[in-house]
Each structure stands twice: as structure tokens, then as C-alpha cells.
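Per our numbering, the sequence shown runs over residues 5 to 91.
Right, one structure below, let's go through it.
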Amino acid sequence: MLDHISLGVGDTTVSKRFYDALLQPLGYGCLSQSPGSLGYGANAVALWVNEAARPVPADTESGLHFCFAAPTRKSVDAFHAAALREG
């Protein structure tokens, strides 16, 4: 049903380090990079991370939820560890 998702961020340079670390254990990498835009996926871009003038702030009560597919439990644990490490 969904082809891709796009997230707005304040700074793609800072975000690249974060998403590179998180997504690598799941087998995803940065497949596209241009000023203000990063594209992540395994074989094709499925997650766009773009600089936005007004990124939507995190809101735990919004109901928004999405998951990354993970090949193994070990990769989930590595993803979680990277998320904690990178903030």
C-alpha cells in the first residue's frame, strides 16, 4: 500500500549520522543524498529524510506509528542499541 514515507528534520547533516547508525543493522543504507535530502532503503528508497522549515515535533499522543522490517532479533537489538547511543 505505501511506497515510501518522508520525515522532516531540522538538519540532514546531524540526521544522517543518526539514521546511518540506526538503519545499518537492519540492512538499510543511504541510497540517495543531495543538499537537504537523504533517501534510505535496501534496494530502493523507502524512507526520505528531508530538511523542513517547520519539522513536526514528536508527539506521543498523535497515534503516529510505523515500523522498520528487521531480518533477525539480533538486528532489532542492534537497532535499539544504536537508537539509545545516538539519542
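Note that CB positions come from ideal geometry on N, CA and C, so glycine has one too.
Is V18 buried or exposed, if buried means 16 or more other CB atoms sit within 10 Å of its CB?
-> Flag for V18 reads exposed.
Write down the C-beta distance between Y23 and L42 rounded to the nearest angstrom, noting that I regard them as a contact closer than 8 Å.
-> 7 Å
Which of helix, strand or coil does DSSP assign to L88?
-> L88: helix per DSSP, three-state reduction.
Alpha carbon to alpha carbon, how far is F72 from A48?
-> Straight-line spacing of the CA atoms in F72 and A48 works out to 14 Å.
In three-state DSSP terms, what is S38?
-> strand
Tell whether a beta-carbon distance below 7 Å holds between S79 and P29.
-> yes
Taking the beta strand (DSSP E) that L51 falls in, what are its first and last residues?
-> 49-55
Identify which residue in A57, D7, M5, Y32 has its Cα closest to the Cα of T16.
-> A57
Pull up the distance between the alpha-carbon of G45 and that of G31, whole angstroms please.
-> 8 Å
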